[in-house]
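Using our numbering, the letters of the sequence shown map in sequence onto residues 25 to 311. A virtual CB, placed ideally from N, CA and C, is assigned to each residue, including glycine. What follows is a single structure, written as structure tokens, with notes after it.
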Amino acid sequence: MQLLDGKALSAKIETAVATEVKDLKNSTGLVPGLAVILVGQDPASAAYVNMKKKACDRVGFYSVTHEMPSDISQSAIENTITMMNNNPNIDGILIQLPLPAQIDTTKILELVEPSKDVDGFHPYNVGRLTTGLDGFVPCTPLGVMELLNEYNIDPKGKNCVVVGASNIVGKPMAALLLNANATVEVCHIFTDDLKRHTLCADMIFVGAGVINLIKEDMVKDGAIIIDIGINRAQNGKLVGDADFENVAKKCSFITPVPGGVGPMTIAMLLSNTLKAAKANAKIKEGK
Ligand code: GUN
């Protein structure tokens, strides 16, 4: 069994992004800029946004966080997005999800200018991903693909089972795997007999947010497990969705939690923001 080290790969990507940021600054004077909207007091969301901000600082991005109270109105968020859409110093816009119940999240995500949609949540970018065209791809599944690539794991022709069908993880993960010529099955909370599906999998991608969802007897020998879950166990430790200790024995490769997919998500946010900044720099230069 080999661990897929997302911590090491994300550090390597960060270094490469930081170098490119310097080059971009030297050649054009432009600094990539990321704007984040954080609504409410959810500690997990605040912690994620804080990690994203620190990563931006490390690679030399300009970043700004708009913190808003949980009773904020739809129009106030929309006005802020419009402002950031029109701000030439902002290349990427990220709305930390989930938003409070009174907010129409779809409308908010659709308002983000697709060329600044570094989370890849706008239907325009979702459509481009589904069609196999270049665009912005959600950071977590994109990070998984980078991790596989780093270890020369090719999903082509493999039986890939994605567990969890969220718009943020499961659906884009399935699209990326399909684009990579894998055979893809998507399981979710209404799937009958999950084990029947996972037992046939060469690769399992689990992002359901359920501790110990994937157990030893649900995995075939030599399988590859990509654990996208991040849960807080009763003892306070961070754990994934797979019963790591028992499952790992049977795997050829597995991602640890923490230190697997998590750090890759932030690395891909940096990479997407740099991509947006480079595209915007070309537009500003009139190329
Ligand atoms: N909430 C949970 N995961 C994510 C993510 O990747 N991006 C954003 N914007 N919100 C999230």
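Inset, instruction - Label Y72 either buried or exposed according to how many other C-beta atoms from any shown protein chain fall within 10 Å of its C-beta, with 16 as the threshold for buried. - result: By one-based count along the sequence shown, residue 72 stands at place 48. It is buried - the Cβ of Y72 has at least 16 other Cβ atoms within 10 Å.
Inset, instruction - Could you check what DSSP says for Y86 in three-state terms: helix, strand or coil? - result: For the purposes of this step, residue 86 is identified with residue 62 of the sequence shown, where counting begins at 1. Strand at Y86.
Legend entry - DSSP-derived helix/strand/coil call for N183: Along the sequence shown, one-based indexing puts residue 183 at 159. Strand at N183.
Legend entry - Contacting residues, own chain, Cβ-Cβ under 6 Å from M292 (five flanking each side not counted): In the sequence shown, the residue the question calls residue 292 occupies position 268. Contacts found: C163, L166 and G167.
Inset, instruction - May I have a chain-ordered list of the beta strand (DSSP E) segments no shorter than 3 residues that lie completely inside the stretch 134 to 207? - result: 183 to 187
Legend entry - Contact between the stretch 289 to 303 and the stretch 270 to 278 (3+ Cβ pairs under 8 Å): no
Inset, instruction - Look at T207 and N183 and say whether their C-beta atoms are less than 8 Å apart. - result: For the purposes of this step, residue 207 is taken as the residue at position 183 of the sequence shown. For the purposes of this step, residue 183 is taken as the residue at position 159 of the sequence shown. Cβ atoms of T207 and N183: closer than 8 Å.
Legend entry - Proximity test, C275 beta-carbon vs ligand 1 heavy atom, cut-off 7 Å: Your numbering for residue 275 matches position 251 in the sequence shown. No, Cβ of C275 sits at least 7 Å from all heavy atoms of ligand 1.
Inset, instruction - Measure the Cβ-Cβ separation of K76 and I290 and say whether it is below 8 Å. - result: The residue labelled residue 76 in the question sits at position 52 within the sequence shown. The residue labelled residue 290 in the question sits at position 266 within the sequence shown. Yes, the Cβ-Cβ distance between K76 and I290 is below 8 Å.
Inset, instruction - Please classify G53: is it buried, with 16 or more other beta-carbons within 10 angstroms of its beta-carbon, or exposed? - result: By 1-based counting over the sequence shown, the position of residue 53 is 29. So G53 counts as exposed.
Inset, instruction - List in chain order: all unbroken beta strand (DSSP E) runs of 3+ residues lying wholly within the stretch 271 to 300. - result: 275 to 278
Inset, instruction - Report buried or exposed for D158, applying the criterion of at least 16 other Cβ atoms within 10 angstroms of its Cβ. - result: Here the question's residue 158 lines up with position 134 in the sequence shown. Label assigned to D158: exposed.
Legend entry - Cutoff 6 Å; reference L218; Cβ partners in own chain excluding five residues on either side: One-based indexing of the sequence shown puts residue 218 at position 194. If we look at L218 and ignore the five residues flanking it on each side, its Cβ neighbours are C211.
Inset, instruction - Using only the heavy atoms of ligand 2, determine whether one of them is closer than 7 Å to the beta carbon of C163. - result: With respect to ligand 2, the structure offers nothing, as its ligand set consists of ligand 1.
Inset, instruction - May I ask you to check if the CB of V121 is nearer than 7 Å to at least one heavy atom of ligand 1? - result: The sequence position of residue 121 within the sequence shown is 97, counting from 1. It should be noted that the sequence gives Leu, not Val, for residue 121. L121 Cβ: within cutoff of ligand 1.
Inset, instruction - Would you kindly work out how many angstroms separate the C-alpha atoms of A198 and E102, rounded to a whole number? - result: In the sequence shown, the residue the question calls residue 198 occupies position 174. In the sequence shown, the residue the question calls residue 102 occupies position 78. A198 and E102: Cα-Cα distance of roughly 30 Å.
Inset, instruction - Pick helix, strand or coil for V234, following the three-state DSSP scheme. - result: In the sequence shown, residue 234 corresponds to position 210, counting from 1. Three-state DSSP puts V234 in coil, outside helix and strand.
Inset, instruction - Along the alpha helix (DSSP H) that carries I37, what are the first and last residues, could you check? - result: Indexing the sequence shown from 1 puts residue 37 at position 13. Counting along the chain, the alpha helix (DSSP H) containing I37 begins and ends at G30 to T52.
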